[in-house]
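What follows is one structure encoded as structure tokens, with my remarks underneath.
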Amino acid sequence: MRTTTRLLKKNARQRMMRSPSGIVGISRVLSVTAMAWCLVVVSATAIAVTTPTGAQMGQPGTGSNGPDEETRAWIQASLDTWDIICRQYLHIEVEPLPWMIFYDERQAWHLAGEENLLPPHEQVGTSFLFDGRPRALLRVPHDNTDLWLPTGALPIGPGKAPRVFARPYDNGTKSFFVLALPSVFRSLGGGQQNLDALFVGFAAHELAHTRQLVDVMTRIKKLRERHDVPIGIDDNFIQKTYGGNQQYARLFDEERARFLRAALKDSDPATSRRLLLQGLSIADRRRGRYFTGARAVHAELEDIFLVTEGVGEWVRFQIKRRQASPTSPWRQTLNEMMAESDAWSQQQGLVLFLLIDRFVPNWQARFLSPNFPSPFAVLHEGLTTPTRK
Ligand SMILES: [Zn+2]
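Rendered as structure tokens:
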């Protein structure tokens, strides 16, 4: 936990000192990484199970080939960030630790993985502390073209965007997490140190997904039995389907603006409620008009992706607030995040979960469970109970 605090404080200082040209650089890098950093892809290929042969199984090594100091700090900081997210924000058990895969140009480092699935690997003499217990680290060397994952090889190397994502495996019953190490993403940003803070935030978002993907897979599979749900559907499905429909987009823009204004009115609960009700009313109208007949299933699909992206972005928002200087207003963090993504599910999801956090006590347990509810329904319900803040 101390490592994270140190890391976050360091990045906050650097951000305050950075030049305007640095901000331009960030945007450029973000546009490169945006597609790579979050896409909950629910497809047949994403759930393929890799069966290792005996010959692929590695023998424990001597432990002489451990990570350098920066890599160790980064891995420990990721564990500490996840600990904070579980305990302070999502109010969930910290165990089990998800299978975490960190990679650079020479190797991948695995924590809490299934060793019997791994290609040739070695144990190193370094362990990390999580929930008060040491966790062993395994090293899987690679040639900087393909990264071994439980779902198959991922192309990496020169010209490839640094990756951070969560993905289901073993027929959608488990999930793993992948995060590029600083040497990989800093090479894209021309050595800008503030990329560290950005990637800590992305990691937070994706780590939250490791607790959602199994439920999401179950829901999607069940829906697919009765409805037309495309293979390879992802969290931008609604935007891809309706983004070109000007009337739909206008209605959605109006609704999103109303929710955003409701979120920004934190010191005026009555106005916040009024704007929220207006947003919900427009949402009901939009969904009632377009999600009908064979497309009625789009209502549940929208709910699912608003919940996954909303919780992920809400967690990233909390981590960004920890990184921000004490004088930086929370509205600035929200504006930054709205500008960093053009995905409807992420923008709308973040704003909805800021409102849910304001109006619905103890919402976390409900949204991090199988058959999690619709965020719209929960907000309707929340407006009938007294405000918490
Ligand atoms: Zn996401």
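One rule links them: number in our numbering = place in the sequence shown (from 1) + 59. Idealized CB from N, CA, C, for every residue including glycine. Just so we're clear, the structure is a prediction, and the values are computed from it rather than from any experiment.
- In this structure, L257 sits away from F161, with a CB-CB distance that is not shorter than 8 Å.
- The beta carbon of Y148 is closer than 7 Å to those of V374 and Q377 in its chain, skipping five residues each way along the sequence.
- A straight-line Cα-Cα distance of about 20 Å links R245 and M159.
- Taking C-beta atoms as the reference points, E372 and M396 count as a pair closer than 8 Å.
- With a threshold of 16 other beta carbon atoms within 10 Å, Q298 meets it and is buried.
- By the criterion of at least three beta-carbon pairs nearer than 8 Å, the region 340-353 is not in contact with the region 188-202.
- Annotation for H150 indicates a beta carbon at 7 Å or more from all heavy atoms of ligand 1.
- Here the C-alpha atom of P214 lies approximately 46 Å from the C-alpha atom of L336.
- Nearest C-alpha to V366 among Q407, R348, G338 and V223: Q407.
- Taken through DSSP and simplified to helix, strand or coil, I151 comes out as coil.
- Annotated three-state conformation of T185 is strand, per DSSP.
- In the structure shown, G211 adopts extended strand secondary structure according to DSSP, grouped into three states.
- At a Cβ-Cβ threshold of 8 Å, L240 and F189 do not count as neighbours.
- Short note on E361: C-beta not closer than 7 Å to any heavy atom of ligand 1.
- Taking every protein chain shown into account, the CB of D139 has 16 or more other CB atoms within 10 angstroms, so this residue is buried.
- Of all C-beta pairs linking the region 427-436 to the region 349-368, three or more are shorter than 8 Å, placing the two stretches in contact.
- Around the CB of G191, fewer than 16 other CB atoms lie within 10 Å, so the residue is classed as exposed.
- In the DSSP assignment, D205 is bridged to P214.
- Annotation: S326 to N253 spans about 31 Å, alpha carbon to alpha carbon.
- With fewer than 16 other Cβ atoms inside 10 Å of its own Cβ, R380 counts as exposed.
- In this model, F412 and V370 are separated by some 7 Å (Cα to Cα).
- Classified as buried, K233 has 16 or more neighbouring CB atoms from the shown chains inside 10 Å of its CB.
- The beta carbon of G302 sits closer than 7 Å to those of A308, all from its chain and outside the five residues before and after it, given in chain order.
- Rounded to the nearest whole angstrom, the CA to CA distance from T351 to Q271 is 27 Å.
- In this structure A267 is not in contact with L414, their Cβ atoms being roughly 18 Å apart against a cut-off of 8 Å.
- Going by beta carbons, K281 and G231 fall outside the 8 Å limit.
- Around V243, the same chain offers D163 and P221 as residues with beta carbons nearer than 6 Å, after the five sequence neighbours per side are excluded.
- Excluding its 5 nearest sequence neighbours in each direction, R285 has no C-beta neighbour in its own chain below 7 Å.
- Counting other Cβ atoms within 10 Å of its Cβ, I290 stays below 16 and is therefore classed as exposed.
- In the displayed model, I290 falls within coil according to three-state DSSP, outside both helix and strand.
- Assignment of L177 by DSSP, reduced to helix, strand and coil, places it in the coil class.
- Contact check for G125 and G184: beta-carbon distance about 6 Å, within the 8 Å limit, so the pair qualifies.
- Burial is judged here by how many other beta carbons sit within 10 angstroms of a residue's own beta carbon; A225 has at least 16 and is buried.
- Burial check for Q305: the Cβ neighbour count within 10 Å stays below 16, so the residue is exposed.
- The C-beta distance from T269 to F236 rounds to 5 Å, short enough to fall under 8 Å.
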